[in-house]
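Here the structure comes first, spelled out in structure tokens, and everything after it is commentary.
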Amino acid sequence: MLICVGSVILSTLITRQPAAAQPAASRIVYGLTLLPSGFDPHINASSELGIPLRSVYDTLVYRDPITKDFVAGLAERWEISPDGLLYTFYLRRDVRFHDGEPFDAYAVAANLDRITNPETRSQKAVFLLGTFERYIVTDAYTIQLALKAPYAPLLDSLAQVYLGIASPKALQAYSSDLYQLHQVGTGPYQMVEFIPGDYILLRRNPEYRWAPAFYLPDNPSPVEEIEFRFFTDPATRAPALESGAAHIMGELAPLDALALNRRDDMTLLPQPIPGMPLQFLFNTAKAPTDRLDVRRAIITATDRTAIIDSVFQQLSPVAYGPLAAASPFYEAQIKQFYPYNREVARQALSDLGYTDNDGDRILDLNGAPLRLIVIVPTWGNAPQVAQRLQSQWRDQGIDAELRQVPNLAGLLAAVQSGDYHLVAFNDFGADPSLLNTFYLTDGRNNFMRVSNANLDQWLMQATQTNDPAERQNFYTGVQGLIMDQALILPIRDYVNLNAYSKRVGGLTFDAYGWFPLLANLTFNADE
Amino acid sequence: MLRFAVRRMAGVFVTLWLAATLTFVALRLAPGDAITLQLTLSGATDSQIAARRAALGLDAPLAEQYLGMWQGILRGDLGVSLVNGRPVAVIIGEQLGATLALAVGALCVGVVLGVGLGAGAALGQPVVRQVCEGVIVLLLATPIYWLGTLAIYLFAVWLGWLPSVSSGNELRALLLPCGVLGISLSGSLGQVTAASLREVQQATFVQTARAKGLPARLIVWRHMLRANSSVLISLIGLQGGFLIGGAVITEALFTRRGIGQLVLAAVNGRDYPVVQGVVLLSAAAYALLSVAADILAAWNDARLREG
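Heads up: the protein sequence lines correspond to chains Y and E, in order. Numbering-wise, the first sequence is residues 1 to 527 according to the working numbering. Numbering-wise, the second sequence is residues 1 to 307 according to the working numbering.
The structure is reproduced here in structure tokens:
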């Protein structure tokens, strides 16, 4: 007992306790599902950091959550030179940071300086700037961004939280490693406290008058304080909602989501995420998936609807191509490729010479069984999907060996070895230029080992032109070509399963799908 | 006694050197490094990634990196995180209090419950003995993850008595995580206590005490448990490893900050300095704890000092 008492006293002494401020009446807990090691949007790359920070920072432009069009943010308007090399932003004059400092072109410049400084070691923001070369402050409220080469995704980059504009005074006051604990933006919520590994506390910014068009103009009952906590273990998320320890939670397991949806006091919100769906990328450099007809037969032999039903409880749409249906420039015609048909698949493999010669129910060609090595990461329900694939394919004479990898490092190492036929992967983002690193011949993540001149040319041109109609043409071609060449086996569009208690309402997400519009949340005091 | 203590302390330094070296090797053998992982999906080119790795010394020969690590450790500098640039000592310091509170609390629960169950299993009436033996086996076979999930549903969701989220170090926040980790710990402590008590029961000094007509309670408390304490103290010293492993799971289950969550993220992100720092700290704590336990046991039992 003495040791028990001692431990409590000791821990109280050595642990910094949060200030014992009276919490606001309308305070809720929002569950985060990853514990990133860094929370500075200019430095770190995790999607998770954007969940709280999207509402701490404003960006020069925004994407409308529904239309995905670009709308005014801190820049009330902008111009792009005909050659696509100079972007001029005309800034709002009525904006102040949470620390009272005025927002102007010099603040934007200070942020760009920090992001591009090699010592910042930015993991995402600096690369989002693409071909950015320098800025020119033409007056206190006008700034130009000059590029080395046309870069169409720039507006999309500037709309992301990683390029959120921070208070230059705060950036100066704290060293690069400490700023993440004291972040200051211009957004509808301000960071009050951040205890690493424990929680982040945001409080509503009552001075916020420069909201983009899609924020509620007059929220009758906003949430005053939001505490973000980390629910890294999927099994803890539903109990946290049920016990009232959290009021909003994402990344729920499909069965938990269905169970919560049956409760009167919970609402389920499946939120589609734009980007690359969960898919299996074919290695086109290794037999037998180096043969186009084999790849086509494998896709045709796969009953994706059955997988969606059993693994995702019908809460995710079937994916048909390299871009999710929620992505800008998605081409719906892609759905016509490779409808599930066992007989057609069987016949195609038979035409290629595959037969079961030794009676083991696995097809053979020249004495070699039709055997596929599949690299399966442990996240995103990939193991469950891979097991269904294995079982479906076995019924049709295709043997699959599943090789699980525990993390991204393991996956990259497995891919580097070249000893695989398929690898499961997905990625997030609104601009389809995220396909570049995967499908360009010299792309860093060319897991398919594909080299196609048309694909290279169209992807590059789509990245360089600012004309939406031209971009649509290129990306329609890219999506069609990828599926015609059967480079991937798409499985499901990523859907984030969120649930929230009746204590809150109005949960909506921005154009990137992950980041809630906290200013639109309403608090229900009666619940 | 002093020679014994000095000999054991020398062992601590060997343990620390081994722990640091093995961690260094294991981390370099594991695929990928922090920079490659951070930048793979960022759109960075190969040359940009190579430049970043070079700036952090990750492309230096392994011998050079190894020497650099030891130079830092000997200066008392654990380096900075490769992910967020913060000093490792500060990062660990932030999480240490929460894990210490969890570990010490769990140890208390484990020792009280374990000794109680062990005594019941060795010395109780036949019914008590059977129940205690059954509970010990059940605890040994129960995964901590399952026990924790059950506790959350029972005490937080259904009964609503305790929070499922363990925030801070107040008693209410610590009860569930310390209880779960401690109960998991008590199985092995109970098993050893029971075995040791059964052995002591046959010892001549106990039989003499019985023959002298001492009351049973006095024999147990004054003679048997005292004779058993050396074994128990050593065993408690050895539970450091279990506590650290259990903390990883317990912290995740109860959404609790701490070293376990920190090291898990650092291993996945190949944040070498953070992993290295945590391993060194754990090894030091573990080694010192077990040396303290040995010295205590030797002080308690002169025969052990000879070894």
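Think of the CB as a built atom: it goes at the ideal place given N, C-alpha and C, for glycine as much as any other residue.
Is residue i close to chain Y? Criterion is C-beta to C-beta, closer than 8 Å.
i, result
"glutamine 95/E", "yes"
"leucine 296/E", "no"
"aspartate 46/E", "yes"
"alanine 30/E", "yes"
"aspartate 59/E", "no"
"glycine 307/E", "At glycine 307/E, the pLDDT of 47 sits below 50, so the modelled position is not reliable; the number obtained from the coordinates is stated separately. Answer no: the Cβ-Cβ gap between glycine 307/E and chain Y never drops below 8 Å."
"arginine 53/E", "no"
Pick out whichever of the options has its Cα sitting closest to the Cα of residue i.
i, options, result
"threonine 59/Y", "Asp233/Y, His42/Y, Thr67/Y", "His42/Y"
"serine 166/E", "Ala195/E, Gly258/E, Leu117/E, Leu288/E", "Gly258/E"
"alanine 325/Y", "Tyr189/Y, Trp393/Y, Ile273/Y", "Ile273/Y"
"valine 184/Y", "Arg54/Y, Leu292/Y, Val374/Y", "Arg54/Y"
"glutamate 251/E", "Ile152/E, Ala30/E, Trp221/E", "Ile152/E"
"aspartate 431/Y", "Pro468/Y, Val405/Y, Ala409/Y, Val344/Y", "Pro468/Y"
"alanine 245/Y", "Ser501/Y, Leu252/Y, Gly477/Y", "Ser501/Y"
"leucine 22/E", "Cys108/E, Trp299/E, Glu199/E, Val275/E", "Val275/E"
"valine 478/Y", "Phe523/Y, Ile334/Y, Asn445/Y, Ala72/Y", "Ile334/Y"
"glycine 105/E", "Leu281/E, Ser282/E, Ser186/E", "Ser186/E"
"phenylalanine 447/Y", "Asp290/Y, Glu224/Y, Asp265/Y, Pro168/Y", "Asp290/Y"
"aspartate 104/Y", "Tyr330/Y, Leu412/Y, Leu91/Y", "Leu91/Y"
"leucine 124/E", "Gln201/E, Gly97/E, Ala266/E, Val25/E", "Strictly speaking, residue 124/E in this sequence is glycine, with leucine absent from that position. Measuring from the Cα of glycine 124/E, the nearest candidate turns out to be Gln201/E."
"threonine 142/Y", "Pro217/Y, Arg262/Y, Tyr106/Y", "Tyr106/Y"
"isoleucine 482/Y", "Thr305/Y, Leu389/Y, Tyr338/Y", "Tyr338/Y"
My output table needs one value for residue i: the three-state DSSP class, helix, strand or coil.
i, result
"valine 8/Y", "Bear in mind that a pLDDT of 42 at valine 8/Y, under 50, signals an unreliable position, so the model cannot answer this."
"asparagine 520/Y", "helix"
"asparagine 496/Y", "strand"
"threonine 146/Y", "A small correction: the amino acid at residue 146/Y is alanine; threonine does not occupy that position in the sequence shown. Strand, per DSSP."
"arginine 3/E", "helix"
"alanine 45/Y", "coil"
"alanine 173/E", "helix"
"tryptophan 78/Y", "strand"
"alanine 400/Y", "strand"
"asparagine 39/Y", "According to the sequence displayed, residue 39/Y carries phenylalanine and not asparagine. If DSSP states are grouped into helix, strand and coil, phenylalanine 39/Y belongs with coil."
"glutamine 314/Y", "coil"
"glutamine 48/E", "helix"
"valine 450/Y", "coil"
"serine 501/Y", "strand"
Enumerate in chain order the residues of its own chain whose CB-to-CB distance from residue i is below 8 Å, with the five nearest sequence positions on each side excluded.
i, result
"tyrosine 179/Y", "Asp40, Ala166, Ala170, Leu171"
"glycine 197/Y", "Leu35, Phe230"
"glutamate 119/Y", "Ser176"
Mind checking if residue i is an interface residue toward chain E, Cβ cutoff 8 Å exclusive?
i, result
"alanine 345/Y", "no"
"aspartate 198/Y", "yes"
"leucine 35/Y", "yes"
"isoleucine 43/Y", "yes"
"leucine 412/Y", "yes"
"threonine 437/Y", "yes"
"proline 328/Y", "no"
"glutamine 160/Y", "no"
"glutamine 17/Y", "With a pLDDT of only 42 at glutamine 17/Y, under 50, the local geometry of the prediction cannot be trusted, and no value is derived from it."
"threonine 131/Y", "no"
Going by DSSP, what residue range makes up the alpha helix (DSSP H) through residue i?
i, result
"aspartate 395/Y", "382-395"
"leucine 262/E", "259-268"
"proline 544/Y", "Not covered by the structure: residue 544/Y. The range shown for chain Y is 1 to 527."
"valine 61/Y", "Careful: valine 61/Y lies outside any alpha helix (DSSP H), inside the beta strand (DSSP E) at 61-63."
"valine 348/Y", "Here the sequence assigns alanine to residue 348/Y, which means valine is not the residue at that position. Counting along the chain, the alpha helix (DSSP H) containing alanine 348/Y begins and ends at 342-351."
"isoleucine 115/Y", "105-116"
"isoleucine 35/E", "34-39"
How far does the beta strand (DSSP E) with residue i in it reach, from first residue to last?
i, result
"phenylalanine 282/Y", "275-282"
"glutamate 227/Y", "225-230"
"asparagine 426/Y", "422-428"
"proline 270/Y", "266-272"
Excluding five sequence neighbours on each side, which residues of the same chain lie with their C-beta closer than 7 Å to the C-beta of residue i?
i, result
"asparagine 496/Y", "Gly250, Glu251, Gln271, Ile273, Gly513, Trp514"
"leucine 507/Y", "Ile248, Leu269, Asn498, Tyr500, Pro516, Leu521"
"alanine 511/Y", "Arg63, Asp64, Pro65, Lys68, Ala430"
"valine 12/E", "Ala287, Leu288, Val291"
With a threshold of 6 Å on Cβ separation, who are the neighbours of residue i within its own chain once the five nearest residues in sequence on each side are excluded?
i, result
"alanine 292/E", "none"
"glutamine 461/Y", "Phe474"
"leucine 352/Y", "Asp293"
Any chance the CB of residue i is under 7 Å from a heavy atom of the ligand ADP?
i, result
"threonine 236/Y", "The ligand ADP is not part of the structure shown, which contains no ligands of any sort."
Which of the residues in the region 132-155 of chain E, read from start to end, lie with their CB under 7 Å from any CB of chain C? No chain C appears in the structure shown, which is made up of the protein chains Y and E.
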